[in-house]
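Structure, as structure tokens:
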Amino acid sequence: MEVSSAEAALSVSASSIRITDVTQDGDVLTFAIASQKLNSSAGVCVFRIYEDFDWLQQSLFSQENLPGLQGIIFPPLPSKALPSQSNTQTKALKQLGFLALGQDWQSYCKALEFYLQQVAAHPTLCKCKALDSFLINSESPGKQRGRKGIFNRLSQAVEEMRKESHKDVDNFFQNERNKNTNLAALSKVATEKLLDVVMTEQKLALACGHFATSLHLCVNQDDAAAVAFSKVCLKLSDVIEAVNRNFEKVASNDLSTLGLGLDLESRYQEAEKVWECVLMIACKLIELETVKKGTEKAKASKREVMEAFQKAVEKEFNLISSVAKQEIERFHSSRVNVLKNFLIGWCELQLNTAKEFAELYSQHLEACRNMYSE
Amino acid sequence: MSGGCGRNPPPFPDNEDQEAELDTRVLDSDEDDDDEGEDIFTGARSKPITPTSAPDEGDIFSEEGSYIRSDVHHATNGLHSDEELDLFTEATVELTLTNTTSQGRREIIGPTASACNTTHVPNSILKPSIVTKTMEELEEEESGDQFELNIAVTNPEKIGDGMNAYMSYKVSTQTTLPMFLNKTFSVRRRFSDFLGLYEKISAKHSLLGCIIPPPPQKSVVGMTKVKVGKEDSSSAEFVEKRRAALERYLQRVVAHPSLLQDPDVREFLERDELPRAVNTQALSGPGLLKMINRASDAVNKMTIKMNESDNWFESKLQEVENEEQLLRRLHAAVDSLVNHRKELCINTAVFSKSVAMLGSVEENSALSRALSQLAEVEDKMEQLHQQQAFSDFFILAELLADYVRLLGAVRCCFEQRMKVWQRLQEAQSTLQKKREAEAKLLWANKPEKLQQAKDDINEWESKVSQYERDFERVTCTVRKEVLRFEKEKARDFKQHIVKYLESLLHTQHRLVKCWEAFLPEAKAIA
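Residue numbers (the numbering used here), protein chains in the order written: chain A, 3 to 376; chain L, 27 to 552.
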């Protein structure tokens, strides 16, 4: 992960950011966030709730005086989790997808952690004071809401813009847009299908557990044959128990790596969609401004003023454009890298689990064969 | 026979061959060729029911085997108790001594008059004076002096069209038992033939208190699909399920020493054309069981205390009933397992497709290739899940289902004994009445009717004494049968666990290979 540089730099190392703990109090989840200071060996730990993350995201969106802000692809923030009892698993799944599964919010914390790391690793965003404050100040950012960033202002316009088909500012962005639409839809589908697989794996684990327990009921010590039969049933119970654990492990592996990865990919694709819209709108606004000013200035007929204005507008436009292009490059290489790491991690985990259980089954088989050839 | 195989059961077939093996156990020809027969028995052996393992502790069997080969034609296997006993005591006993084998001889002891003592069953009844060797696992064969009988049911073929169509199965036998005409032979049979066989042997043997293995169940839905010609996987699965069930049924029948001696069984295995079994409608296994269940309810309501060995019977019956319930529950649990695995197959296949599509639109070529590879891995896993679901079903679920029905047959056995007891009771009470009648006549001084009364009494006295002997014998038999059954059951389950573990292990190894193949692809993404 990149370390931020130069002015107003982040004072902690991006890659060291971890969510180390989460506690639940009624409806509220509190996250413990730890990070490592850059120029010392000291660590920092703060406590944050979801609203603080939201505040951070808003702050990032609404940074003033940041040239080319509109060109930035913002790392996506997971939705707020609603942990109350009345929230059934189906509701939670609908809302959070993969992040709702897993024990004790592990997946959800991982996703939040990833978000913070991505923000801290972004060359521009890491300089935002809000981030530093979020990670370091023992006091929570407080109820500083109401700062309408560019996102809020444009959120409604985003929907409208999507409906209309606008000619894009640049062919480059047109291509991106097409690719992104496809990719976003397919990522979403793949994520959902993997979720189905994981749910079935968990059901299988449960069925095995049930079967294993039922086998224990067959124990009967009445006579020699019954004892022999009971031994057999207990052995089978052990084996099925092992299969149960196997499935649990496989499901959890799926969750913690591929599931997370696909979910992230999915959300990033969505973020890119938003970015495109923001871009379009920004350009549109600039157009409108130009036209407006043009009409006004026409009366004054002061050519120099007009030209100066034109240049300023073009400069702003080019800046956004170049930031956007950089962002998209960065986005793609980062995304490929992230997916690669998740795929490797997933494969390694599953391979280890498969080997572990192959060994276990082999031992059971040996034990069975020995036991019965006495 | 095929001494080529070692002691261990054959390895689980590869996936590519799996479907073929399970569906059609292909035999090259119908000739009774010694070597050709081996293939099916490789498969057949994978679902054996006889033991491959230890002799029992507290050895009731003699060290050396002695074998009867008697060309016995039972005109009736009925209640001619004296004849039967004579048969065994006078039968030619040809001793074939083998080295002491420590595994897998199946030795069943026929009823002997002197040994039959209902109160001290375990020790005296099982005097190893006469031993009948019936069936032997190929992989347990040591020196060539043991007799073998292997049966396989293969090659299901649809004969005819429309609603008159039926499936014909090839029943192949491989044996060294001299009572058969050939060493290797096969015939074609249809499902109703199997039911007919059950009807015949049940009529003869169940009255003796034998546990008759129940045949596979009829299935109107399953067969209709096949008849109508639906060529989908569910009808293929149905046919395979039935084929395997028919095979297990026959193997259990021949594993029973008395049943193997039955000429109907031999005829079933050997004869080219069997007369078509009729009236099998009412007599499918569950139908028969239902009839007997109704009878048993009535019987159980009577308070009958016979003698002190009754406690054994009472508690055993209770045990059997409990176990039947337990096994039903287990079966339901395994069923649910199988269904979930099938669901996992489907979901995995869908996921694989979605990943393949993702890979096809992905621009980064290495990532795209990795995603396509991932889709292939998931496809392979789907096949593995499918295979494992098969194993779950055929190794565990069918085993449990079979035993639920077998326990039902055991209950029938007990009920037969009840019936015999009832008949004895009734005869005794009739005898009592006849005696009273005689007494009345004496007192009333009517000599002309006295002779009749005396005749009656003699008749009923002999009936009572015969029924007593019947009852002794049935009690003996039931007890032996139950003990044999329990040993059999433990062995059966042991074998199946080993098989199940082998299949799990096999699947797991292939899974490891899948992941190992994918890892370099993931690492190659740049």
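We treat Cβ as the ideally placed atom computed from N, Cα and C, and that holds for glycine.
Apart from the 5 residues on each side of it in sequence, S417 (chain L) sits with its Cβ closer than 6 Å to the Cβ of S529 in its chain, given in chain order. A:G211 is the residue among A:G211, A:M201, A:A310 whose C-alpha sits nearest the C-alpha of D240 (chain A).
If you draw a straight line from the Cα of S284 (chain L) to the Cα of A356 (chain A), it comes to about 48 Å.
Using a Cβ distance threshold of 8 Å, I185 (chain L) and A191 (chain L) count as a contacting pair. At a cut-off of 8 Å between C-beta atoms, F377 (chain L) counts as an interface residue with respect to chain A. Per the Cβ contact rule, the segment 236–251 of chain A is not in contact with the segment 41–55 of chain A (fewer than 3 Cβ pairs under 8 Å).
Sequence-distant Cβ neighbours of F419 (chain L) in its own chain, meaning closer than 6 Å and more than five residues away, are V364. Contact note: R355 (chain L) reaches chain A through S216, L219, using a C-beta cutoff of 9 Å and chain order. Taking a C-beta distance under 8 Å as the contact criterion, V315 (chain A) and D256 (chain A) do not qualify as a contact pair. Of L:L545, L:P242, L:V197, the smallest CA-CA separation from A396 (chain L) is found for L:L545.
Taking 8 Å as the cut-off, the beta carbon of G261 (chain A) is found no closer than this to the beta carbon of F116 (chain A). Residue-level contact by beta carbon holds for V338 (chain A) and chain L, with a gap shorter than 8 Å. In this structure L40 (chain A) does not touch S64 (chain A) by the C-beta definition: roughly 26 Å separates them, more than the 8 Å allowed. Per DSSP, the unbroken alpha helix (DSSP H) holding I138 (chain A) starts and ends at 131–138. By the rule that beta-carbons nearer than 8 Å mark a contact, L238 (chain A) touches chain L. Taking the Cα of Q454 (chain L) as reference, the smallest distance to any Cα among L:L426, L:C439, L:Q492 is reached at L:Q492. The Cβ of S268 (chain A) sits no closer than 8 Å to any Cβ of chain L. Secondary structure remark: continuous alpha helix (DSSP H) runs of at least 4 residues inside the segment 404–452 of chain L: none found. Shown here for R214 (chain L): same chain residues with a beta carbon closer than 6 Å to its own, the five before and five after excluded, namely S194, K196 in chain order.
Excluding the 5 residues flanking it on each side, Q223 (chain A) has same chain C-beta neighbours closer than 8 Å at V229, S232, in chain order. At the C-beta level, A192 (chain A) and L426 (chain L) stay beyond 8 Å of one another. Comparing alpha-carbon positions, the option among A:F136, A:N320, A:Q26 lying closest to W57 (chain A) turns out to be A:F136. The residues I35, A36, S37, E115, L118, Q119, A122, L137, in chain order, have a CB closer than 8 Å to that of I19 (chain A) in the same chain once the five nearest residues on each side in sequence are set aside. Fully enclosed alpha helix (DSSP H) runs of no fewer than 4 residues occupy 52–63 of the segment 11–69 of chain A, in order along the chain.
For E183 (chain L), the beta-bridge partners assigned by DSSP are L:S194. Apart from sequence neighbours up to five positions away, the residues of its chain that approach Y110 (chain A) with a beta-carbon distance below 6 Å are A83, L101, ordered along the chain.
Unbroken beta strand (DSSP E) stretches of 3 residues or longer found wholly inside the segment 460–492 of chain L: none. Any Cβ of chain A closer than 8 Å to the Cβ of F519 (chain L) would place that residue at the interface, and such an atom is present. For N208 (chain L), the closest C-alpha among the options L:D298, L:S259, L:E273, L:V247 is that of L:D298. When Cβ-Cβ separations below 8 Å define contact, A423 (chain L) makes no contact with chain A. Scanning chain L for C-beta atoms nearer than 7 Å to the C-beta of Y52 (chain A) yields nothing, as the closest lies near 30 Å away. Within chain L, V524 have C-beta atoms less than 7 Å from the C-beta of R371 (chain A), given in sequence order.
In the three-state scheme derived from DSSP, where H, G and I count as helix and E and B as strand, T202 (chain L) is classed as coil. Contact note: K205 (chain A) reaches chain L through H366, using a C-beta cutoff of 7 Å and chain order. Within 8 Å of the CB of W541 (chain L), the CB atoms of chain A belong to C349, Q352, L353, A356, in sequence order along the chain.
Using a Cβ-Cβ cut-off of 8 Å, Q458 (chain L) does not count as an interface residue toward chain A, since no Cβ of chain A sits closer than that to its own.
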